[in-house]
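Q: Before anything else, here's the structure in question.
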Amino acid sequence: MKEYITTYGTLKGISHPVFHKNGSLSRCGLTEPVTLKTPVGHLVPLYDFYGRRSKSDSVSFYSNGTLKSICLHKQALIDTPAGSISAEKIIFYPSGKIKRLFPLDGSVTGFWTEQDESVLADPLKLNIGKNALNVRLIGACFYENDTVRSLTLWPGEKKEILTPLGKFAVRCGISYYENGDLKSWEPAFPYKIDTPIGKITAYDNNPLGINGDLNSVEFHSDGNLKSMKTDMNLIEVYNNGIRVKTISPKLVRSFMDPLKKELLPIKLSFTKEALSLEFENSSYSILDHEFIIKSYIPPMELCSDCSSCSSSCS
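Sequence positions in the sequence shown follow this note's numbering and run 1 to 314.
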């Protein structure tokens with residue numbers, strides 16, 4: 001197959017095509033330049049997997065023929081609800097609305113490192129809710145109603161934002177509700193924040209950072225605290241003077257290196273009315289229990305470099 005006609009234009013120089021069960025084109029690479037009329041303008045899909053570019057499909061489609069994704073041959077400026085964003089890859093909803101957008105689509109290898117790619121990551125000016133950001137992004141995600149769902153920040157990027165608890169520096173990710181209100185954020189530093197049971201240090205030493213949808217501090221839609229992660233505190237739960245539970249971070253086998261262990265933070269959840277604390281499969285009424293918050297000291301086997309550690313062992 002050399003050509004394939006779509007509602008967006010004719011694909012030429014097709015390579016490694018894959019088809020849906022109904023016979024329509026699912027995805028393919030391209031070896032010749034073509035211009036497609038997409039929901040966000042006229043764009044040229046990637047047709048030469050040169051240098052740093054990821055060897056992904058040039059275009060993909062839903063089974064009904066609507067455009068699902070496009071990798072661009074050259075970075076293009078795309079108008080989004082948050083402002084104009086330069087993109088090398090765009091993913092669409094079946095409706096044609098932007099679902100995800102990636103400013104860069106390079107492939108990190110032994111010949112092209114994350115540091116090499118970071119040189120190309122320019123700061124973007126975005127306006128979201130009460131925050132105006134000038135930030136480098138890995139990607140942005142949108143709701144189908146054209147509002148921002150989440151931002152995934154470039155590794156090492158830290159920016160201050162306004163939250164229902166005050167101003168804090170964030171890293172890795174930020175997410176929003178459909179009305180633009182802040183939903184969650186990843187603390188760039190250990191912060192003591194107010195919770196229904198007292199001040200707890202919000203921080204995760206090893207956030208995944210894969211996308212900005214899920215983060216360590218999350219709010220209910222009304223702005224009250226919904227959940228938080230900490231690897232710097234433990235909580236003792238008492239009922240009628242008797243300790244019934246100790247909630248503490250724990251050591252688990254590292255996902256990246258099975259020979260090593262890493263600290264798994266605890267996730268504390270609070271009901272919308274702040275009536276109870278929820279941890280794993282248990283719920284503790286805040287009125288009927290006393291909560292004592294203590295500093296958590298990690299086991300010595302986890303320690304290797306005190307100068308870079310955020311824990312308070314001394």
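Ideal Cβ positions, reconstructed from N, Cα and C, are used throughout, including at glycine.
Start and end of the alpha helix (DSSP H) containing residue 116?
A: Residues 114-119.
Q: Quick one: what's got a C-beta closer than 7 Å to residue 163's C-beta in the same chain, skipping five residues either side?
A: The residues are 182 and 185.
Q: Counting only runs that start and end within the segment 151-196, where is the beta strand (DSSP E) found for 3 or more residues in a row?
A: If we require 3 residues or more, the beta strand (DSSP E) runs fully inside the segment 151-196 come out as 159-163, 166-176, 182-187 and 191-195.
Q: In whole angstroms, what is the alpha-carbon distance linking residue 24 and residue 65?
A: Cα to Cα, the separation comes out at about 7 Å.
Q: In whole angstroms, what separates the C-alpha of residue 30 from that of residue 1?
A: Answer to the nearest angstrom: the Cα atoms are 11 Å apart.
Q: Should residue 245 and residue 237 be called a contact, given that it needs their Cβ atoms to be closer than 8 Å?
A: Against a cut-off of 8 Å, the Cβ pair of residue 237 and residue 245 comes out as a contact.
Q: Contact criterion: CB-CB distance below 8 Å. Does residue 21 meet it with respect to chain D?
A: Looking at the structure shown, chain D is missing, and only one protein chain is on hand.
Q: Express the C-alpha separation of residue 135 and residue 124 in angstroms, rounding to a whole number.
A: Straight-line Cα distance between these residues: approximately 5 Å.
Q: Give me, in chain order, the residues of the same chain whose beta-carbon lies closer than 6 Å to that of residue 161; leave out the 5 immediate sequence neighbours on both sides.
A: Contacts found: 131 and 170.
Q: Are the beta-carbon atoms belonging to residue 265 and residue 229 less than 8 Å from one another?
A: Yes; because the gap between Cβ atoms is below 8 Å, this pair is in contact.
Q: For residue 300, name the three-state secondary structure that DSSP assigns.
A: In this structure, residue 300 counts as helix in the three-state DSSP scheme.
Q: Using a Cβ-Cβ cutoff of less than 7 Å, which residues in the same chain neighbour residue 267 once the five nearest sequence positions on both sides are dropped?
A: Once the five neighbours on either side are set aside, the close Cβ partners of residue 267 are 227 and 229.
Q: Do the segment 192-210 and the segment 270-279 meet, that is, are 3 or more Cβ pairs less than 8 Å apart?
A: The segment 192-210 is in contact with the segment 270-279.
Q: Counting only the same chain and skipping the five closest in sequence on each side, list residues whose C-beta sits under 7 Å from that of residue 47.
A: For residue 47, where only same-chain residues beyond five positions count, the Cβ hits under 7 Å are 13, 30, 31, 32, 33, 58 and 73.
Q: Using only alpha-carbon positions, find the residue among 212, 166 and 159 that is nearest to residue 177.
A: Among 212, 166 and 159, the Cα nearest to that of residue 177 is on 212.
Q: Please work out which residues of its chain come closer than 6 Å, Cβ to Cβ, to residue 128, disregarding the five sequence neighbours upstream and downstream, and give them in chain order.
A: Closer than 6 Å at Cβ, skipping near neighbours: 82 and 148.
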